[in-house]
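Number of protein chains: 2
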Amino acid sequence: MSIEQERIVIESLSPQVDGGRYDVKAVVGDRIEVGADIWKDGHELLKAAVLWRKLDAAEQVPRAGPSQTDLARSGWREERMSTCYEANDRWSASFAVDELGPHAYTVVAWTDVFGSWRSELEKKAAAGQGVGSELREGLAIVDAAFGRARGRDREALGRFVRAIREAPDEHRAVAAALDDRLAALMDRHDARADLRRYDHEIPIWVDRERARYGSWYEIFPRSQGTVAGRSATFREAEARLPEIAAMGFDVLYLTPIHPIGRAHRKGKNGSEHAEPGEPGSPWAIGGPEGGHEAVHPELGTIGDFDHFRTAAARLGLEIALDFAINCSPDHPWVREHPAWFSHRPDGTIKYAENPPKKYQDIYPINFETPQRDGLYQALLGVLRFWIGHGVKIFRVDNPHTKPVSFWKWLIDSVHRDHPEVLFLAEAFTRPKRMHRLAKVGFTQSYTYFTWRNARSELEEYSRELFLTDVRLFLRPNFFANTPDILHRVLQEGGRPAFLQRLVLAATLSPSYGIYSGFELCENRALGPGSEEYLDSEKYQYKIWDWHRAGNIIAEVARINRIRREHRALQTGSGLRVLESTNPEIIAYAKATADLADVLVVAVNLDPFQVQEGTIRVPAELYGGAEQGEYAVTDLLAGERYRWRGERNYVRLDPHKLPAHVLEVERPGSVVVDAAPRR
Amino acid sequence: MSIEQERIVIESLSPQVDGGRYDVKAVVGDRIEVGADIWKDGHELLKAAVLWRKLDAAEQVPRAGPSQTDLARSGWREERMSTCYEANDRWSASFAVDELGPHAYTVVAWTDVFGSWRSELEKKAAAGQGVGSELREGLAIVDAAFGRARGRDREALGRFVRAIREAPDEHRAVAAALDDRLAALMDRHDARADLRRYDHEIPIWVDRERARYGSWYEIFPRSQGTVAGRSATFREAEARLPEIAAMGFDVLYLTPIHPIGRAHRKGKNGSEHAEPGEPGSPWAIGGPEGGHEAVHPELGTIGDFDHFRTAAARLGLEIALDFAINCSPDHPWVREHPAWFSHRPDGTIKYAENPPKKYQDIYPINFETPQRDGLYQALLGVLRFWIGHGVKIFRVDNPHTKPVSFWKWLIDSVHRDHPEVLFLAEAFTRPKRMHRLAKVGFTQSYTYFTWRNARSELEEYSRELFLTDVRLFLRPNFFANTPDILHRVLQEGGRPAFLQRLVLAATLSPSYGIYSGFELCENRALGPGSEEYLDSEKYQYKIWDWHRAGNIIAEVARINRIRREHRALQTGSGLRVLESTNPEIIAYAKATADLADVLVVAVNLDPFQVQEGTIRVPAELYGGAEQGEYAVTDLLAGERYRWRGERNYVRLDPHKLPAHVLEVERPGSVVVDAAPRR
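Here the protein sequences line up with chains D and G, keeping their order. Residue 10 is where the first sequence starts when you use our numbering, and the numbers rise one by one after that. Residue 10 is where the second sequence starts when you use our numbering, and the numbers rise one by one after that.
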């Protein structure tokens, strides 16, 4: 046959990212809900299945679909798909992933020869039409399955062949042909006529749970001491760990811990020249003591780091390290690998610039170096070094100024041996670049959350992140502040604004973080219009009163405990934006897919005035009738309210608590006059 | 270099259908607006261009992008793309297509080395920084271009090299470096560093205008005579052509004109057995007189058909033929090619069925035949035969019951020699099948229009067809009725309903049609709940009084004239759904992209009651200020109204005219107190 003919169409698989070009992200324990459009011209019935498997660690995800032999050989598992008339040719099935690392799935479909025949027979018999010819057709189909079967199934099929062939009348032959046990046997020995496979495999990357859900706390290790005018050591910083753990954080992210360059060191508040004794920016990495694989002597030794990491782990705190690809002029690589840097016509190395701004304390890497292989391996070596010291989370500085193809290579290379390693992209860049970095492998990404403050902005942005296909590849980490971003809302709104932003970050996004000082409501900016902190830790030694008046430590601890106790806050996709009559009050629900855990959050976005209004919770969320009564408990304030129906009143005083985090109680316990729905 | 590194990203090209897997549809004269996300990590500037070309007729659209040599060799044309800060890495350009047949485009981008350098120099010079090192870098860039250039450009570049190198001070060197004439020279001799191409070519199929825009009229040729009890001949039917042309139609679609089978011929109103003298369904194709390439002897000879087609063409009517792939039991193919049909176990051929319904007068083709090549060639031969007789439009019966891959092969095969041929798919099937048929090559498709009658249904469906990406591959043809579909709205609503549906079909969709009798408001159904016509022409000889009372011939002629005079009605994408205060009044505007032609349509969807309300026309459409005054002329009724501002009152009496088709007059002529905006 010279002309190829395809009759079964399989397309529009979900989930997928750019047609399977990039991984769909999942975490261990997730159930992957697969959908596909599947149909064949004409009226025959089809059957379909999802094929999926764990890939070997070193295996590249193949782009072309598996051949028939591959299917048998390489451990594909199968889940049958189903559809219904209303689904309009959309089929679905699901499977659970329970191993770290790369997986793939695809879809197969075939003509349901027996089922199609059976369906026609049933209709004709019901219409009283003669079906002698049809029975002869069916016998041939069953007989072929009999030929393929072995053992007891073969015997059973043989009995059906005889029952149909030797039936005393058409009526009894039809009854035998329509027997459900025959349908089950035929399904087991289906020859899968016209078997067609989707022409790609869709890759899935499975991370550990921390990839999706975690509460982060960022510190400058050198500021964790009690002695002014010098760096704290890791040994001293260890003393801070219990109170950080007590706030309920999961990840402790350390700004760079490496030696800092001397040349062109920045001074207090970023001034161009450091005074003697000023420590410089930790991101100006590298000095005579070493580069990216060294520990700053003022912090201690690599042994001290190991001790610190182990102490943190005992308290349930996982360490995340900063990975910043730039070098101070004193970094060993500047001397050892001059070709990794860009040179001016006069032979000097180019420092970082964003004209007319100059960053003379930092040399960026020249990724166009002819010695690219060595550079790549050295950078991979840095990560491997720290992985060897137990670090499994890297917060990557400014990834958008390096080639995305480098990140893909680097993350793939790490993941081949260490699928448990997580990467957070500090991708404060334009949306398409942020998305691509997520697609090529970054586990999580910083977002525009700090700059989304109005209700409509928060609603629109949350919908985009958690309810569109963006959720398949980009996992946001909502940092409420960073050493570079003290938003005007915090500067002007004070403590109520810190509480608002804390609740928003911690309940909208399953991963969120604060940079230390947030819990102290530190809000002094460098100057008007600046998002820089005054006297920033980036450029100076600093000690803090970690219990100073006006802090929100108790609230941070409470919200983190709520996050641990409520699965609804541990995923993003259970978000529902709720109606609210007051534009200053944002309201949303977070719910698990089974609605076993439902929280309703309402936040007053005005840090100055009391705001009140009515919010609408759809009846399905409280599991009652539209006018049913139920109880909600404010997990922040501890108060319990009796609510009735979908619309209820809220009043939020920013000077007390600007937010409700309400647990919706199940109908069995509280519904008074409404029929429970489940 | 063993590790590949990509820095320029080109993605998300538009327009495209499924990543370039299927053609984007266009017509001659269209301007293709191309968009792409283009960016590079870091801060360097880029340049980008669209490459496009007409493909050779026999050329398959290549999936992989062109190589550098291909670009030079195969006649690619180039349009530079542009972007701006607000476009967020989205670049755009456009090009016009003016030839029939296959085209392709792709996108290239490269680092703007000179521009990046120039931009930095400008900023640094403006900040008063020393730029000696920068000038030396720039000289090297300009000098390299000087080396590539020839002739006068080389001389001019040489002068700039000297002007920069020999400038008496940095200030004058910078001035020479920033000279716009140098930038233009550098652009012409740009080495296109890091040139990157999008990895696919996006195919575009360019049709003639009739593919998008046309008014169709469907007839049973045998019913076009004046003598009862027998078929009209083509010669007799010719007499009808002037009045069909006078109604302003462009396409005259004939139901099948071939010999009709005798065996199991259907009788009046689809009864199982025909009485002697009954003609049978024209879709039961084939008799002793021949099959798909024969003319029914009762209609005349092939010469009579040629005469009819020529007469129609002289009146501006293009003939569309029905292409129905099925055979009566008397079709020559049944005898000559038994393997093309499915056989029962008793050796007889299977007739068409949709159990328990049986269509004994039709044998469907078995596309699983082992003689597939011969079958395909025979079907292609049928089309070539009629193309040889001047037919360039085929209305394809029930395409969704044949393999989509067959249609792709067939349409591609025809288009290779005859890109002017158009195919209308009678794809009354589920949405995904309808879409795929459009994607594989059908020029136009029947739609669900007849079943969309409520305002919200019409708005939603029109948005989907004309304002989403569906418009790139599927061109709807809004038939207001067909021989199989007399909708309840017409049965019950009478003349007002016929007028409503006429205006909706003819103004929403650039292609629309009616099946003859519609203009007579023929609305007698076979029975309650049936969409079949009573005494349907499908099964009997019929003569009509083509001027009977209550007809809407004048209105049909008027709407078709309006369609010819107004470009706004000749494309779909200029649709804007308008606000209307009355749920029974649908309102929308159709406008050309340049707003030179703007029509506002308001239709009362209630065939029984007068409806009134206010509709809102955005100020941009009348080219005035929000409170400006302007005139609108009802092209149907001929009345002129003075409107003021965006919101104006309409009142529509279904028993007079249930619709306004309002031409919005340009502000220059009518605006009284508003400042013209252009």
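Each residue gets a CB set at the ideal place from its N, CA and C atoms; glycine is no exception. In this text the structure is predicted, and so the values were computed from the model without any measurement.
Spatial neighbours of residue 643 (chain D) in its own chain (CB-CB distance under 7 angstroms, excluding positions within 5 residues in sequence) are listed in chain order as 669, 670 and 671. The Cβ-Cβ distance between residue 55 (chain D) and residue 63 (chain D) does not fall below 8 angstroms. For the C-beta of residue 414 (chain G), the chain D residues within less than 8 angstroms are, from N- to C-terminus, 13, 14, 15 and 16.
Between residue 140 (chain G) and residue 179 (chain G), the C-beta gap is smaller than 8 angstroms, which places the two residues in contact.
Setting aside the 5 residues that flank it on each side, residue 470 (chain D) is surrounded in the same chain by 461, each with a C-beta closer than 6 angstroms to its C-beta; the list follows chain order. Pairing residue 337 (chain D) with residue 288 (chain D), the inter-Cα distance amounts to about 13 angstroms.
Taking 8 angstroms as the cut-off, the beta carbon of residue 620 (chain D) is found closer than this to the beta carbon of residue 593 (chain D).
Collapsing the DSSP output to three states places residue 287 (chain D) in coil. For the segment 124 to 147 of chain D, the beta-carbon criterion of a distance under 7 angstroms to any beta-carbon of chain G is satisfied by 129, 132, 133, 136, 138, 142, 145 and 146. Using beta-carbon distances, residue 338 (chain G) does not count as an interface residue toward chain D, since no partner is under 8 angstroms.
Within chain D, no residue has its CB atom less than 9 angstroms from the CB of residue 323 (chain G), the nearest being about 40 angstroms off. Checking the DSSP bridge columns, you'll see residue 623 (chain G) partnered with G:658. Burial is judged here by how many other beta carbons sit within 10 angstroms of a residue's own beta carbon; residue 448 (chain G) has at least 16 and is buried. Using a CB distance cut-off of 8 angstroms, residue 354 (chain G) counts as an interface residue toward chain D.
Taken through DSSP and simplified to helix, strand or coil, residue 28 (chain D) comes out as helix. The contact set of residue 460 (chain G) on chain D, defined by CB atoms closer than 9 angstroms, is empty, because the minimum CB distance reaches about 15 angstroms. In the structure shown, residue 57 (chain D) adopts extended strand secondary structure according to DSSP, grouped into three states.
In summary, the residues of the segment 40 to 58 of chain G whose CB is separated from some CB of chain D by less than 7 angstroms are 46, 48, 50, 51 and 52, in the order they occur in the chain.
What residue 409 (chain D) touches in chain G, judged by beta-carbon distance under 7 angstroms, is 50, going in chain order.
Rounded to the nearest angstrom, the gap between the Cα atoms of residue 430 (chain G) and residue 27 (chain G) is 24 angstroms.
In the displayed model, residue 478 (chain D) falls within a helix according to three-state DSSP.
The three-state reading of DSSP puts residue 209 (chain D) in strand, counting E and B together. For residue 329 (chain D) against residue 260 (chain D), the beta-carbon gap comes to about 5 angstroms, under 8 angstroms, which counts as contact. With 16 or more other CB atoms across the displayed protein chains lying within 10 angstroms of its CB, residue 25 (chain G) is buried.
Near chain G, meaning a CB-to-CB distance below 7 angstroms, the residues of the segment 19 to 30 of chain D are 28. The segment 319 to 335 of chain G makes contact with the segment 402 to 420 of chain G, as at least three CB pairs between them are under 8 angstroms. Counting the other CB atoms within 10 Å of its CB gives residue 618 (chain G) a total below 16, which places it among the exposed residues.
Under the 8 angstroms criterion on CB atoms, residue 652 (chain G) is classed as non-interfacial with respect to chain D.
Setting aside the 5 residues that flank it on each side, residue 147 (chain G) is surrounded in the same chain by 126 and 186, each with a C-beta closer than 6 angstroms to its C-beta; the list follows chain order. Annotated as proximal: residue 100 (chain G) and residue 47 (chain G), with beta-carbon spacing under 8 angstroms. A distance below 8 angstroms between beta-carbons, with the five flanking residues on each side excluded, links residue 154 (chain D) to the following residues of its chain, in chain order: 123, 166, 194, 195, 198, 199 and 200. Comparing alpha carbon positions, the residue from G:265, G:450 and G:104 closest to residue 300 (chain G) is G:265. Within the model, the alpha-carbon separation for residue 440 (chain D) versus residue 97 (chain G) is close to 8 angstroms. Annotated three-state conformation of residue 488 (chain D) is strand, per DSSP.
Chain G places no beta carbon closer than 8 angstroms to that of residue 493 (chain D), leaving this residue out of the contacts. The alpha-carbon separation between residue 615 (chain G) and residue 571 (chain G) amounts to approximately 24 angstroms.
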